[in-house]
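See below for the structure under consideration.
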Amino acid sequence: MSSIHSDLRRSSPGRRGALVAAALMSSRRPAPWRRSPAGGPTGSQVRDPGRRGQRRDKAPVDGQDFLVRGMNWDYIPIGQNYSWSLWAQPHAVIEAALAREMPLLRSMGVNAIRQYAGIPPRWVRYIYERYGIYTVLNHTVGRYGFTLDGVWHPSVDYSDPRMRAALKGRGARAG
300 MSSIHSDLRR
310 SSPGRRGALV
320 AAALMSSRRP
330 APWRRSPAGG
340 PTGSQVRDPG
350 RRGQRRDKAP
360 VDGQDFLVRG
370 MNWDYIPIGQ
380 NYSWSLWAQP
390 HAVIEAALAR
400 EMPLLRSMGV
410 NAIRQYAGIP
420 PRWVRYIYER
430 YGIYTVLNHT
440 VGRYGFTLDG
450 VWHPSVDYSD
460 PRMRAALKGR
470 GARAG
């Protein structure tokens with residue numbers, strides 16, 4: 300029996316969660332983004348509509364393939380709700396929260412986080428420069444409708460090249 304398993308039996312309930320996580324991480328399977336032994340796609344591969352359905356394992360960043368290992372991330376302290384914003388707090392509070400959270404994400408292999416609107420560019424830069432984690436800003440990409448050439452379209456037709464070009468342009472500006 301491994302030391303993790305024997306520690307688990309003797310530990311307090313609060314420590315058990317960390318030990319269970321350590322046990323799971325020590326016995327994890329090969330990375331899911333690798334191809335299956337038969338050469339077929341794995342569940343984590345995405346289809347890129349701009350490439351007519353070809354599978355892509357990585358996203359291009361600075362002209363190089365980049366394997367995105369990302370997650371949604373937000374910081375809301377216990378006792379607060381969705382209306383609380385980390386980015387409205389004093390800089391010392393933000394830095395302390397990031398110093399606690401970002402190393403945990405890095406240790407899990409996260410290299411990108413998804414943030415919703417409201418994160419100031421200063422903190423996007425800070426997270427990347429300090430922790431090497433990219434930030435993807437949420438953009439609804441027309442999910443709830445879109446105005447094209449002054450006309451509101453409540454249902455977006457993604458097959459329309461004009462609509463796609465307008466959505467891409469807006470997404471690039473949102474960052």
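Using the working numbering, the letters of the sequence shown map in sequence onto residues 300 to 474.
Idealized CB from N, CA, C, for every residue including glycine.
Here Ile377 is exposed: its Cβ has fewer than 16 other Cβ atoms, across all protein chains shown, within 10 Å. Boundaries of the beta strand (DSSP E) around Val450: 450-452. For Ala411, the uninterrupted beta strand (DSSP E) run begins and ends at 411-414, by DSSP. In this structure, the CA atom of Arg463 is about 8 Å from the CA atom of Asp456. For Phe365, the CB contacts under 6 Å within the same chain, skipping 5 residues up- and downstream, are Lys357, Ala358 in chain order. Put simply, of Ile432, Tyr430, Lys467, Ile426 the residue whose alpha carbon is nearest the alpha carbon of Phe445 is Lys467.
The secondary-structure analysis by DSSP pairs Asp364 across a beta bridge with Pro359. The beta-carbon distance between Tyr374 and Ala396, rounded to whole angstroms, is 5 Å. This is short enough to meet the 8 Å contact definition.
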